[in-house]
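Counting from 1, one number per residue, gives the positions in the sequence shown under UniProt numbering. Every residue gets a Cβ at the ideal spot worked out from N, C-alpha and C, and that includes glycine. Small disclaimer: the values here were computed from a predicted structure and weren't measured. Some notes on the structure that comes next.
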Amino acid sequence: MDAVEHGQTFTVTRDGHQIGQLVPIRRRRRFISRQEFAAMSRNAPAVDPDAFRSDQEAAADHEATSAYDH
């Protein structure tokens with residue numbers, strides 16, 4: 001288990017036949033630095049704020065309903 005925790009992958013066998021793999025879970029980082037965000041955003045398409053708001057308005061359900069209404 002220590003080896004898996006440190007990134008190693010193992011093939012599980014039964015009677016000489018491969019039946020599975022034991023692999024580490026890939027955990028996503030939750031924090032991205034400002035520099036990383038800026039670098040990833042350089043190639044992002046430009047967003048027109050007015051068009052974005054218009055799209056949100058068109059997609060929103062403006063009916064005021066309750067989850068308890070039948």
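Check: Meets three-Cβ-pair contact criterion under 8 Å: the region 1-15 and the region 24-35; Outcome: yes
Check: 6 Å CB neighbourhood of glutamine 18 in its chain, flanking five on each side removed; Outcome: Thr11
Check: Residue range of the beta strand (DSSP E) that includes glutamine 35; Outcome: Where glutamine 35 is concerned, there is no enclosing beta strand (DSSP E), although the alpha helix (DSSP H) it sits in stretches over 34-41.
Check: Which of helix, strand or coil DSSP assigns to glutamine 8; Outcome: coil
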